[in-house]
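What follows is one structure encoded as structure tokens, with my remarks underneath.
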Amino acid sequence: MSAIIPAEIWNGLIAEVLRARVIAGIGCETNQTPDGCIISGRGTSRWRHPWQISARWRYDDTIQPVGGEWVAMVQPGFVNAQDVTIDVTSPAGTPNAGQSVPIPLTDENTPEIVIGDFRDPAAPGPIDDAFSENFTVAPGEGYPKFFDHLGVVPVAKGGSGLAALEPEPDPTRTRQIRACDIVLITPRMAARQTVTVLNPLTDSQSIDIGTAFDNTALRNAKSRHWLNAVSKWQPPMEPTDLDKLMGTAVEPQTDEIKLATLWMISPPDAGSSDEPDETWTPYPQHFVFWNLNHASRAQLPSAPPKPITLQTGLLGGLADSIFSQLLSPVNDAYAQVSAYLGAADFTGLYWST
Amino acid sequence: MNELPFVKRGQPLTAGLWNRLVAAVRAVRLLPGDGARLRSMPDGTIISFDAATAPWSHPFQVSLIGQTAAQIQPGLVNSIEPLIGGVALSGTDTKPPPKLEFNKLKLDADNRGYVAVEITCGTKWEIKTMEMVQVAYFDSENGEDPPPGSGGPSAIGGIPGISGRRVRYPVAMLRQRSTGQIDLFQIVFFNIVHRAQARDAKTDSARHFFWPGTA
Chain A
1 MSAIIPAEIW NGLIAEVLRA RVIAGIGCET NQTPDGCIIS GRGTSRWRHP
51 WQISARWRYD DTIQPVGGEW VAMVQPGFVN AQDVTIDVTS PAGTPNAGQS
101 VPIPLTDENT PEIVIGDFRD PAAPGPIDDA FSENFTVAPG EGYPKFFDHL
151 GVVPVAKGGS GLAALEPEPD PTRTRQIRAC DIVLITPRMA ARQTVTVLNP
201 LTDSQSIDIG TAFDNTALRN AKSRHWLNAV SKWQPPMEPT DLDKLMGTAV
251 EPQTDEIKLA TLWMISPPDA GSSDEPDETW TPYPQHFVFW NLNHASRAQL
301 PSAPPKPITL QTGLLGGLAD SIFSQLLSPV NDAYAQVSAY LGAADFTGLY
351 WST
Chain B
1 MNELPFVKRG QPLTAGLWNR LVAAVRAVRL LPGDGARLRS MPDGTIISFD
51 AATAPWSHPF QVSLIGQTAA QIQPGLVNSI EPLIGGVALS GTDTKPPPKL
101 EFNKLKLDAD NRGYVAVEIT CGTKWEIKTM EMVQVAYFDS ENGEDPPPGS
151 GGPSAIGGIP GISGRRVRYP VAMLRQRSTG QIDLFQIVFF NIVHRAQARD
201 AKTDSARHFF WPGTA
């Protein structure tokens, strides 16, 4: 009896054999022989850089049905030579039981970030014009090419119609992928432009652009710098040039930098809606490797310009109102340009140390 | 484990042989045991073991000598070498590299301390003197008492200066554990550059910036 072995089945087997080959990692030495591979442990490991992430599955029977959660440990890193913290929920029986407490990375009981929310970078992107018959679907976010060779499902290419929502499966690539970002957050002073409406007849100006400062986040911060895990990090929205020109600029109250992305790879044949459990494998991708410094530009706003006026007292003062009204567009434009050029800027910058 | 199903030339590949090959491939899958970590790669699986970190010698590397002294590898700030007791970190022709003796560790309320380089700036904010110190607080006047707001959020960042145009920049943090053991966390790994941003021309108040490099 003969049976046909499809090429993809054969290639899948070859890929599995390749993956089973042993490569020496940290503290490991290998010696390949015809009968197998001899593996030996070494006494020292490679140097670990600040912010280096290692993830593990933490078993917890109280979390059902999965029986645990993924957590990330971070090699201590410093910002302005200060400790960075992770918010940890205090366990029962401690003074702050149930409350979120910032724990420095250098503490004796090393804190771990709970990773509760993952994104699917292979899934189709947002749908445009969903109520139309010819709706379009954006391509998936994508992932590093490295994961192609591990047999991760292809990224949705996007397109139009229902077919774009359900990409054609590839039988040789059946591992699912999820991701989350680890972010460093620093609270800061933020400037906010304010617009006051004036009377052009008396003030020669219809708008006055001022600046107010908001330190709410800074005041309420539990620590100078902390780490957080988010499904998909978006940089804080800095005001645009147009915002500054219009006097509507509002600075965000935090500076943030993405330290790493944690990619999670499932075993073969996982479902597209599966969530990472203990059978998945974490792959951290780092973006920052050294300790950091942080400082705000601390650029104070220039004083608003005094409006140009013309006081003559003619026609019993009536001419002054007419002149004021005529001058108000000039003064408004002057105020806008001045607000743009002299806007406060408290944007913070990170750099390595 | 099954014997591997080698075949002779011309021998048909039966479903049984194929399944034995599949079983053999499955059997050589790697599984992590105690202290081992596996990472599956396209061309193989990386096996790593828990082990002590390999040493890496770099500028300003701090090594504790018991709990009363530290040895600091030579490093430069603005291409100038800091001193310990008037002797450069790398020593001189007649004197060996000095140790930073601190007798009793200065620690804050959380059992945290620092080995820092204390810089005194001149009239143009250039480096006038530079000495290695061990302090509990790097941003306090005497290094022992917490300044107001120490450890809290900073409105503008940078490293705050202290009176007399001084600033302390930590090169390592020390943390004493409940067992009494001291853990050391290195902060600076390279030679560094220093610049000060004075608040105005009249006061000695400034914030200080450091980054890797040579001046």
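Chain order of the listed sequences is A and B.
Its first residue numbered 1, the first sequence is counted upward by one per residue in this note's numbering.
Its first residue numbered 1, the second sequence is counted upward by one per residue in this note's numbering.
By construction, the Cβ of each residue, glycine as well, lies at the ideal position given by its N, Cα and C atoms.
Only a predicted model underlies this, so the values are computations on that prediction, with no experimental measurement involved.
{"Check": "Short CB-CB distance (under 8 angstroms) between Ala24/A and chain B", "Outcome": "yes"}
{"Check": "Inter-stretch contact (C-beta, 8 angstroms, three-pair minimum) for the region 77-90 of chain A and the region 297-317 of chain A", "Outcome": "no"}
{"Check": "The region 168-187 of chain A in contact with the region 226-233 of chain A per 3-pair CB rule at 8 angstroms", "Outcome": "yes"}
{"Check": "is_contact[Ile5/A, chain B] using C-beta, thresh 8 angstroms", "Outcome": "yes"}
{"Check": "Helix, strand or coil at Ala122/A [DSSP, three-state]", "Outcome": "coil"}
{"Check": "Contacting residues, own chain, Cβ-Cβ under 8 angstroms from Leu201/A (five flanking each side not counted)", "Outcome": "Ser321, Ser324 and Gln325"}
{"Check": "Exposure label - Arg207/B; buried when at least 16 CB within 10 Å", "Outcome": "buried"}
{"Check": "6 angstroms CB neighbourhood of Tyr350/A in its chain, flanking five on each side removed", "Outcome": "Ile257, Leu292 and His294"}
{"Check": "Residues bridged to Thr85/A [DSSP beta-bridge criterion]", "Outcome": "Pro104/A and Trp226/A"}
{"Check": "CB contact below 8 angstroms: Leu18/A versus chain B", "Outcome": "yes"}
{"Check": "Contact set between the region 38-60 of chain B and chain A, restricted to residues whose Cβ is under 9 angstroms from the partner", "Outcome": "Leu38, Arg39, Ser40, Met41, Pro42, Asp43, Gly44, Thr45, Ile46, Ile47, Ser48, Phe49, Asp50, Ala51, Ala52, Thr53, Ala54, Pro55 and Trp56"}
{"Check": "Cβ distance (whole Å) where Ile187/B is taken to contact Leu174/B below 8 angstroms", "Outcome": "Between Leu174/B and Ile187/B the Cβ distance is about 11 angstroms, and since that is not below 8 angstroms, they are no contact."}
{"Check": "Partner residues on chain A for Leu30/B, Cβ-Cβ distance less than 8 angstroms", "Outcome": "Ala20 and Val22"}
{"Check": "Delimiting residues of the alpha helix (DSSP H) encompassing Asp241/A", "Outcome": "Asp241 to Met246"}
{"Check": "Asp170/A beta carbon less than 8 angstroms from that of Pro154/A", "Outcome": "yes"}
{"Check": "Given Arg219/A as reference, the closest of Thr248/A, Gln64/A, Thr196/A and Thr254/A once Cα atoms are compared", "Outcome": "Thr254/A"}
{"Check": "Residues of the region 72-84 of chain A with Cβ closer than 8 angstroms to any Cβ of chain B, in chain order", "Outcome": "Pro76, Phe78, Asn80, Ala81, Gln82 and Asp83"}
{"Check": "Where Arg175/B meets chain A, residues with beta-carbon distance less than 7 angstroms", "Outcome": "Thr106"}
{"Check": "Sheet register partners of Val28/B (DSSP bridge)", "Outcome": "DSSP, once it has assigned bridges, lists no residue as partnering Val28/B."}
{"Check": "Ile127/B, enclosing alpha helix (DSSP H) - first and last residue", "Outcome": "First-last for Ile127/B: Ile127 to Val135, but that is the beta strand (DSSP E), not the alpha helix (DSSP H)."}
{"Check": "Arg175/B, DSSP secondary structure in three states", "Outcome": "strand"}
{"Check": "Pro154/A - DSSP class collapsed to helix/strand/coil", "Outcome": "coil"}
{"Check": "Sequence-distant residues of its chain with Cβ nearer than 7 angstroms to Asn11/A (five each side left out)", "Outcome": "Thr172"}
{"Check": "CB contact check: Ser170/B to chain A, cutoff 8 angstroms", "Outcome": "The question names Ser, but residue 170/B in the sequence shown is Pro. Yes, Pro170/B lies at the interface with chain A (some Cβ there is under 8 angstroms from its Cβ)."}
{"Check": "Chain-ordered neighbours of Trp125/B on chain A, where CB pairs are closer than 8 angstroms", "Outcome": "Those within 8 angstroms of Trp125/B in chain A number zero; the least Cβ separation is about 16 angstroms."}
{"Check": "Spatial neighbours of Gly113/B in its chain, beta-carbon cut-off 7 angstroms, leaving aside the 5 residues before and after", "Outcome": "Leu105, Lys106, Leu107, Gln134, Val135, Ala136 and Leu174"}
{"Check": "When Asn103/B, Phe102/B and Ala88/B are compared against Pro239/B, the one with the closest alpha-carbon", "Outcome": "What the structure shows of chain B is the stretch from 1 to 215, and residue 239/B is not part of that stretch, so it cannot be assessed."}
{"Check": "Gly93/A versus Pro212/B - alpha carbon distance", "Outcome": "45 angstroms"}
{"Check": "Continuous alpha helix (DSSP H) stretch holding Ser54/A: start and end", "Outcome": "Segment Ile53 to Tyr59 is the beta strand (DSSP E) holding Ser54/A; no alpha helix (DSSP H) there."}
{"Check": "For Pro145/A, the three-state DSSP class (helix, strand or coil)", "Outcome": "With the sequence shown as reference, residue 145/A is identified as Lys, and Pro is not the correct amino acid for it. Here Lys145/A sits in helix by DSSP."}
{"Check": "Among Glu29/A, Phe78/A and Asp120/A, nearest to Tyr169/B - alpha-carbon criterion", "Outcome": "Phe78/A"}
{"Check": "Unbroken alpha helix (DSSP H) run spanning Ser324/A, endpoints", "Outcome": "Leu318 to Leu341"}
{"Check": "Three CB pairs or more closer than 8 angstroms across the region 111-127 of chain B and the region 188-196 of chain B", "Outcome": "yes"}
{"Check": "Three-way DSSP call (helix, strand, coil) for Trp233/A in this model", "Outcome": "coil"}
{"Check": "Nearest residue (CA-CA) to Pro32/B, options Ile47/B, Leu21/B and Phe185/B", "Outcome": "Ile47/B"}
{"Check": "Beta-carbon separation (whole angstroms), Lys99/B vs Gln71/B, contact threshold 8 angstroms", "Outcome": "6 angstroms"}
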